[in-house]
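Number of protein chains: 4
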Amino acid sequence: MSTQQTDRVAQALDSFRVELPSWGFSNTGTRFGKYLQPAAAATIEEKFSDAAQVHCVTGACPTLALHVLWDLPNGAADVPKMETLARRHGIEPGSINPNLFEEQVYKFGSFGNPDAEVRRHALQHTRDSVEIARRLNSRDVVLWFADGSNYPGTANIRQRKRWFEEHLRELHSAVGDAQRLLVEYKPFEPAFYHTDIADWGMALAFARAAGPRARVLVDTGHHYQSQNMEQIVAWLLSEDMLGGFHFNDRRYGDDDLTLGSIDP
Amino acid sequence: MSTQQTDRVAQALDSFRVELPSWGFSNTGTRFGKYLQPAAAATIEEKFSDAAQVHCVTGACPTLALHVLWDLPNGAADVPKMETLARRHGIEPGSINPNLFEEQVYKFGSFGNPDAEVRRHALQHTRDSVEIARRLNSRDVVLWFADGSNYPGTANIRQRKRWFEEHLRELHSAVGDAQRLLVEYKPFEPAFYHTDIADWGMALAFARAAGPRARVLVDTGHHYQSQNMEQIVAWLLSEDMLGGFHFNDRRYGDDDLTLGSIDP
Amino acid sequence: MSTQQTDRVAQALDSFRVELPSWGFSNTGTRFGKYLQPAAAATIEEKFSDAAQVHCVTGACPTLALHVLWDLPNGAADVPKMETLARRHGIEPGSINPNLFEEQVYKFGSFGNPDAEVRRHALQHTRDSVEIARRLNSRDVVLWFADGSNYPGTANIRQRKRWFEEHLRELHSAVGDAQRLLVEYKPFEPAFYHTDIADWGMALAFARAAGPRARVLVDTGHHYQSQNMEQIVAWLLSEDMLGGFHFNDRRYGDDDLTLGSIDP
Amino acid sequence: MSTQQTDRVAQALDSFRVELPSWGFSNTGTRFGKYLQPAAAATIEEKFSDAAQVHCVTGACPTLALHVLWDLPNGAADVPKMETLARRHGIEPGSINPNLFEEQVYKFGSFGNPDAEVRRHALQHTRDSVEIARRLNSRDVVLWFADGSNYPGTANIRQRKRWFEEHLRELHSAVGDAQRLLVEYKPFEPAFYHTDIADWGMALAFARAAGPRARVLVDTGHHYQSQNMEQIVAWLLSEDMLGGFHFNDRRYGDDDLTLGSIDP
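Chains as they are written, first to last, in the working numbering: chain A, -1 to 262; chain B, -1 to 262; chain C, -1 to 262; chain D, -1 to 262.
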């Protein structure tokens, strides 16, 4: 490599930023249970504090992704609290993440739910998330949908696709000029027969249906065995539709482990 | 097929029995949450009652697999209660299932834990399970181990293998003549780098190391993508080491759904 | 089901047609060799004759897919011969299949080859195929590309994507109103790092880039382990972009066995 | 690491040897065809010469694995020729590899073939290979079997297992004290329903059935998606049954590419 090329790589690395997810500091586990860690963050204050510690060491993590349901349980009313914490810890609020799977009404889906009432409820929650993002000056609202079905023949895949298109379009109309919607895909889990946004092709179609400020989010853990992720990224770049990454590991499924960390 | 062959198939089906797992009647879910069902069983009484209902309809499910931690929280002291429920509902106690993953001490394993104290604790729990099985006239104690590690280089696989051999042998010495130990295998989850009993070959080696009353249990959900399960069953039959089955579905991972049921 | 629904299913089955591939009657095998069968078809005459036999038994296979290189080695000059055989055996020529991998020039690809000369050569062969199809009154030209690379960093994926778009567009301009281009996808083999048209999303984008008479062809053997094919078909139907199917089995890779047949 | 540990690693690397396979210097390809390379070796002389070149550069490749059918088409009669070439090029003959799939008689298997005549033929070829190894002072005879079936219900898996055990035992009786039989496993290809030696557990059982001078050979390309190879190696080491490795890459299937080389 020439000095010029080396400089370019060094500059790219200098401006490289990795956003920390607030939920990454909590105790987590599998459906079989959680092994608790004494130092795990229990409150949003502790998550900001932990993020500040990581940024202090790395210099590359100035923002914290927030989860609406877990970090702002009172919705927009919690915005001032986030602003206070952000100032106190020198960490900016990052992407805003609605939750469309934890409430019991989402049993058969959110934007794809056969019940119009539930779809409206889900839409309202994502609109609230867009509003929270706007007030926090966060650019990105990240949409991960757990929607899907567990057995063949129990869901109308094409009808659900239409509902997704409609609701994404409607949500997009609330998105400001400086904002973006990121549409994430995942082949399986928690749904085990079909997932409404299963791969990059579906996420791309939905992002386009949503509108010009929607992009695709690539989670490195959300692929089939042996799938060529680099090629997907190359295609999204080529189509100017790459919105960002979630860096998770993947060996067997969506293993969702911290990349490269050490266990005991 | 000749009439003789048809008769043989019919007779085989007449004597075919499927044991129901008590935990199959409860609310379950994924790491993302549980969608609750009003009719889900909440107590061991309700599980016996539900099992009786299934047996009433099928005529093929006369026994109920019990989970020591969840169904007999007081251990052997709960045996009389099980006997009462069994009589009341006309359902016999089936296999006894210890739990070696729910307590915090099992974070780094049970029989494979580097801490001798934890290994002894796990051994005691499995010995208690054998004793419960003896008192309930249950033939089988089913051993599923969640033991494993999440990152390369964090566990000594060969040392753990020795610990497993030792503890299985010791446990086997407590097993009565009419009893059996069933050793289950699973390639991954909850551990995401290595699982100490990952496949049928490891389960077979451990069952042999345990002693003459140990066999291998095949869970139809615990295999790699595309693996030929029928061949594994043929091999275990040929080696006279097939102990039984858990019937779970599998599409992506260990999806653990009721086979063939309907969702909404 | 109501009688009306039953009737509808019966009518759908009455009009259901499966095209036979001429190459399916030949000896085939794996990279490890071919086991020869005395009754395998050796000439195009025998392939037409075998197809007629299948149609005679099934009543559902009136057409024969032709492979340009193997069945019309002289290109359009062989059209009259095909017509004669079609008349003689009562079997119509079906889809026309160019070959873009057998010549040595295709080592680094056809439409994606870095060498413009090779790309032109490939384009000419597909234009010839369109012309053959036109003269045989065949509606469909099926494009399967073996293009790809075997190691990371050896191919410019985005540049190759542009070449594909250009050449598909140019080819489409030669396609008649009653004709269609079908774009097939396949995740791997013969390329083992990246395949230029790896999944349905890429095939869809290329079919759209080609023009209004291009559609996606789904080969049931060309998917990742556990991928939900029915959902892909539902999406392509919903987008009005489903062109047809190749029915191949798949257990491990693209096993390419006759579906459901018996071996010895 | 301490200096002592560093020294130990350095010494291990100093004595590390990788055997070259003679067939690795030839033109190879997929079932779709071979792209020819002008410099590919066409004769056994050229393969020895190429191997000498690699050893000259690496200092770690002093032996050449030989393929009986391709390199010694006249069997033991070709031994003197091998000796001459070995001397001329300073490369010793390495493992001896019989071929049990290329002849038409092997359509339904070799050691597992339902036809006793074919089993005897296969046994004779492997005995000849042992004899060739003995005369060339080669320690290892590597047994890879393509045996399997393509559809459920067409092969008697348990009977084939017995035939394998018998013939391996008989073959082992011909193996000298300084020799070894290495039993290789592979989950699929060329057989697409079942392969008689599909995984390490089956290879281990067969190696034990054969006799004390049999071991398991691990081909790094012959595993299921996501299978933990390191754990298998740890188990084989622990059982003192690890015989050696074939280093092949694997991304999708048994991709069989040169590890890490560059394409264009």
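Heads up, the beta-carbon is just placed ideally off N, CA and C, and yes, glycines get one too. Here the structure is a predicted model, which means the values were calculated and not measured.
What does the alpha-carbon distance come out to for the pair residue i and residue j?
i: Ser33(C); j: Tyr250(D); result: For the sequence presented, residue 33(C) should be read as Tyr rather than Ser. For Tyr33(C) and Tyr250(D), the distance between alpha carbons rounds to 25 Å.
i: Ser147(B); j: Trp233(D); result: 16 Å
i: Arg137(C); j: Ser93(C); result: 7 Å
i: Ile155(C); j: Gln229(A); result: 7 Å
i: Tyr222(D); j: Gly219(B); result: 15 Å
i: Ala50(C); j: Asp254(A); result: 55 Å
i: Glu81(D); j: Gly151(C); result: 42 Å
i: Ala144(D); j: Gly110(D); result: 10 Å
i: Glu17(B); j: Arg211(B); result: 20 Å
i: Asp124(C); j: Ala84(C); result: In the sequence as presented, Asp is not what sits at residue 124(C); that position holds Thr. Near 23 Å, if we compare the C-alpha coordinates of Ala84(C) and Thr124(C).
i: Ile130(D); j: Ala74(D); result: 5 Å
i: Arg15(B); j: Val7(B); result: 14 Å
i: Arg206(C); j: Arg213(C); result: 8 Å
i: Leu180(D); j: Gly209(D); result: 11 Å
i: Asn97(C); j: Phe245(A); result: 40 Å
i: Val140(C); j: Asn95(C); result: 5 Å
i: Ala176(D); j: Ala196(B); result: 34 Å
i: Asp12(A); j: Asp194(A); result: 38 Å
i: Arg117(D); j: Ala189(D); result: 18 Å
i: Glu101(B); j: Ser108(B); result: 10 Å
i: Gln2(D); j: Phe243(D); result: 28 Å
i: Gly258(B); j: Pro78(C); result: Its pLDDT being 42, under 50, Gly258(B) is placed unreliably by the model, and the measurement read from it follows with that caveat. Going from the Cα of Gly258(B) to the Cα of Pro78(C) covers about 54 Å.
i: Ala58(C); j: Gln122(D); result: 49 Å
i: Arg29(B); j: Glu164(B); result: 33 Å
i: Ala185(A); j: Trp142(A); result: The sequence given here has Pro at residue 185(A), not Ala. Between Pro185(A) and Trp142(A), the C-alpha separation is close to 12 Å.
i: Val52(A); j: Asp252(A); result: 24 Å
i: Phe204(D); j: Thr61(D); result: 27 Å
i: Gly27(A); j: Ala10(A); result: 35 Å
i: Asp113(C); j: Lys105(C); result: 11 Å
So which residues of chain D does residue i contact, with C-beta pairs closer than 8 Å?
i: Lys159(B); result: Ala232, Trp233 and Ser236
i: Ala208(B); result: Neighbours of Ala208(B) on chain D: none; closest Cβ ~16 Å, over 8 Å.
i: Ala58(B); result: Under the 8 Å cutoff, chain D gives no residues; its nearest Cβ is about 25 Å from Ala58(B).
Since residue i and residue j are thought to touch, with beta carbons under 8 Å apart, how far apart are those beta carbons, to the nearest angstrom?
i: Ser236(D); j: Lys45(B); result: That belief does not hold up - the Cβ atoms of Ser236(D) and Lys45(B) are roughly 41 Å apart, past 8 Å.
i: Glu168(C); j: Asp217(C); result: Incorrect: roughly 25 Å between the Cβ atoms, too far for contact.
i: Gly241(A); j: Leu215(A); result: 5 Å
i: Ser24(C); j: Ile42(C); result: Not confirmed; about 10 Å, so no contact.
i: Val309(D); j: Ala63(D); result: This structure gives no information on residue 309(D), because the portion of chain D shown stretches from -1 to 262.
Under 9 Å Cβ-Cβ, which residues of chain C neighbour residue i?
i: Lys45(D); result: Within chain C, no residue comes near Lys45(D); the closest Cβ sits about 19 Å away, beyond 9 Å.
i: Arg15(D); result: Result: empty, since nearest Cβ-Cβ is about 25 Å, beyond 9 Å.
Per the DSSP calculation, residue i is bridged to which residue(s)?
i: Arg178(D); result: Asp138(D)
i: Thr61(C); result: Glu90(C)
i: Gly146(B); result: Thr193(B)
i: Pro19(B); result: Ala63(B)
i: Val214(D); result: Val181(D) and Leu240(D)
i: Asn95(B); result: His65(B)
i: Gly31(A); result: Thr28(A)
With respect to 8 Å, is the separation between the Cβ of residue i and the closest non-hydrogen atom of the ligand GTP below this value?
i: Val103(A); result: Among the components modelled here there is no ligand, and therefore nothing to report on the ligand GTP.
Residues of chain B with CB closer than 7 Å to the CB of residue i, please, in chain order.
i: Arg167(D); result: Result: empty, since nearest Cβ-Cβ is about 16 Å, beyond 7 Å.
Give me the chain A residues within the contact set of residue i, using Cβ-Cβ distance strictly less than 7 Å, ordered along the chain.
i: Ile94(C); result: Chain A residues near Ile94(C): none, gap ~27 Å exceeds 7 Å.
i: His253(B); result: Looking at the sequence itself, residue 253(B) is Asp, so the reference to His does not match. Those are Phe190, listed as they occur along chain A.
i: Ile155(C); result: Gln229 and Ala232
i: Ala196(C); result: Asn226 and Gln229
By the criterion of Cβ-Cβ separation under 8 Å, what are the contact partners of residue i in chain B?
i: Leu34(A); result: Gln102
Can you name the residues of chain D whose CB is closer than 7 Å to the CB of residue i?
i: Arg249(A); result: Ser224
Determine the chain C residues that contact residue i at a beta-carbon separation under 7 Å, and present them in chain order.
i: Gly22(D); result: Neighbours of Gly22(D) on chain C: none; closest Cβ ~15 Å, over 7 Å.
task: Below 8 Å between beta carbons is the criterion; list the residues of the stretch 199 to 230 of chain D that meet it against any residue of chain A, in chain order.
output: If the cut-off is 8 Å between Cβ atoms, the stretch 199 to 230 of chain D has Gln223 and Ser224 near chain A.
- prompt: Which residues, in order along the stretch 170 to 184 of chain B, keep a beta-carbon less than 7 Å from a beta-carbon of chain A?
  reply: Contact residues of the stretch 170 to 184 of chain B toward chain A are absent (C-beta to C-beta distance below 7 Å).
field: Short-range partners of chain A found in the stretch 136 to 151 of chain B, where Cβ spacing is below 7 Å
entry: Residues passing the 7 Å Cβ filter: Ala144, Ser147, Asn148 and Tyr149.
- prompt: What residues in the stretch 78 to 110 of chain B bring their beta carbon closer than 7 Å to a beta carbon of chain A?
  reply: Within the stretch 78 to 110 of chain B, the residues whose Cβ lies closer than 7 Å to any Cβ of chain A are, in chain order, Phe99, Glu100, Gln102, Lys105 and Phe106.
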